[in-house]
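Residue numbers for the sequence shown follow the working numbering, so the first one is 23 and each next one is one higher.
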Amino acid sequence: MAIFGREVIGRLVVDRTGTDLGSLTDIHFDLKTGAISELIVTVVATVSAAALPFESRENIVMIPVDAVSRVATKIHLNR
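Below, the structure is given as C-alpha coordinates:
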(Lines of atoms letter the chains of each structure in order from A and count residues from 1; the text may use other names and numbers.)
(Lines give C-alpha, C1' and ligand atoms only; values in the text may rest on other atoms or scores of the structure.)
Protein backbone atom coordinates (compact mmCIF):
# COMPACT_ATOMS: atom_id res chain seq x y z
CA MET A 1 0.00 0.00 0.00
CA ALA A 2 1.44 3.36 -1.04
CA ILE A 3 1.57 6.29 1.35
CA PHE A 4 1.78 9.82 0.01
CA GLY A 5 3.96 12.46 1.65
CA ARG A 6 0.96 14.66 2.36
CA GLU A 7 -0.50 11.80 4.42
CA VAL A 8 2.47 11.60 6.80
CA ILE A 9 3.60 15.22 7.08
CA GLY A 10 2.41 16.46 10.46
CA ARG A 11 2.22 13.02 12.07
CA LEU A 12 3.61 12.65 15.55
CA VAL A 13 6.95 10.91 15.91
CA VAL A 14 7.46 8.75 19.01
CA ASP A 15 10.49 6.95 20.39
CA ARG A 16 10.51 3.25 21.28
CA THR A 17 8.97 4.01 24.69
CA GLY A 18 6.07 5.91 23.10
CA THR A 19 7.30 9.35 24.18
CA ASP A 20 6.25 12.10 21.76
CA LEU A 21 9.33 13.68 20.19
CA GLY A 22 7.66 16.03 17.75
CA SER A 23 6.01 16.13 14.34
CA LEU A 24 7.24 15.25 10.87
CA THR A 25 7.81 18.44 8.89
CA ASP A 26 9.75 17.24 5.84
CA ILE A 27 11.21 14.19 4.12
CA HIS A 28 14.62 14.01 2.41
CA PHE A 29 15.26 11.65 -0.48
CA ASP A 30 18.41 10.11 -1.92
CA LEU A 31 18.50 11.65 -5.40
CA LYS A 32 20.29 8.65 -6.93
CA THR A 33 17.93 5.96 -5.66
CA GLY A 34 14.74 7.89 -4.92
CA ALA A 35 14.61 6.24 -1.49
CA ILE A 36 13.75 8.20 1.64
CA SER A 37 17.00 8.99 3.44
CA GLU A 38 15.85 10.90 6.51
CA LEU A 39 12.87 12.43 8.25
CA ILE A 40 12.94 16.04 9.38
CA VAL A 41 11.17 16.43 12.71
CA THR A 42 10.34 19.56 14.68
CA VAL A 43 10.65 18.55 18.32
CA VAL A 44 8.13 19.46 21.00
CA ALA A 45 9.07 22.13 23.55
CA THR A 46 9.63 19.55 26.29
CA VAL A 47 12.34 17.73 24.28
CA SER A 48 15.88 18.98 23.72
CA ALA A 49 16.88 18.27 20.12
CA ALA A 50 20.55 18.29 21.17
CA ALA A 51 19.89 15.49 23.67
CA LEU A 52 18.57 13.13 20.98
CA PRO A 53 20.95 10.70 19.22
CA PHE A 54 20.42 12.38 15.84
CA GLU A 55 21.89 15.31 13.95
CA SER A 56 20.08 18.48 15.06
CA ARG A 57 19.80 22.21 14.52
CA GLU A 58 17.89 24.25 17.08
CA ASN A 59 14.51 22.46 17.46
CA ILE A 60 14.87 20.32 14.31
CA VAL A 61 16.27 16.77 14.16
CA MET A 62 17.23 14.75 11.11
CA ILE A 63 16.26 11.14 11.73
CA PRO A 64 17.75 8.50 9.42
CA VAL A 65 15.17 6.21 7.87
CA ASP A 66 16.79 3.15 9.49
CA ALA A 67 15.69 4.53 12.88
CA VAL A 68 12.01 4.09 11.88
CA SER A 69 10.38 0.86 13.00
CA ARG A 70 6.90 1.50 11.58
CA VAL A 71 4.55 4.13 10.24
CA ALA A 72 1.00 4.03 11.55
CA THR A 73 -1.12 6.85 12.98
CA LYS A 74 2.20 7.88 14.53
CA ILE A 75 5.74 7.33 13.24
CA HIS A 76 7.47 4.91 15.61
CA LEU A 77 11.24 4.89 16.07
CA ASN A 78 13.32 1.90 17.11
CA ARG A 79 15.57 4.03 19.34
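Ideal Cβ placement from N, Cα and C applies to all residues, glycine included.
Just so we're clear, the structure is a prediction, and the values are computed from it rather than from any experiment.
Quiz prompt | Residues near His50 in its chain [Cβ-Cβ closer than 6 angstroms; skip 5 each side] | solution = For the purposes of this step, residue 50 is taken as the residue at position 28 of the sequence shown. Ser59, Glu60.
Exercise. Verify whether the separation of the beta carbon atoms of Leu46 and Val30 is less than 8 angstroms.
Key: The sequence position of residue 46 within the sequence shown is 24, counting from 1. The sequence position of residue 30 within the sequence shown is 8, counting from 1. Result yes, Cβ atoms of Leu46 and Val30 sit closer than 8 angstroms.
Exercise. Return the bridge partner residues of Val66 from the DSSP annotation.
Key: As a working mapping, residue 66 is identified with position 44 in the sequence shown. In DSSP, Val66 forms no bridge with anything.
Exercise. Check the C-beta distance from Arg33 over to Ile97 and give it rounded, since I have them as a contact under 8 angstroms.
Key: Position 11 of the sequence shown holds residue 33. Position 75 of the sequence shown holds residue 97. Confirmed, Cβ separation roughly 5 angstroms.
Practice problem: Go to Val35, then tell me how far its beta strand (DSSP E) extends in each direction, as first and last residue. | Solution: One-based indexing of the sequence shown puts residue 35 at position 13. 34-36 is the extent of the beta strand (DSSP E) around Val35.
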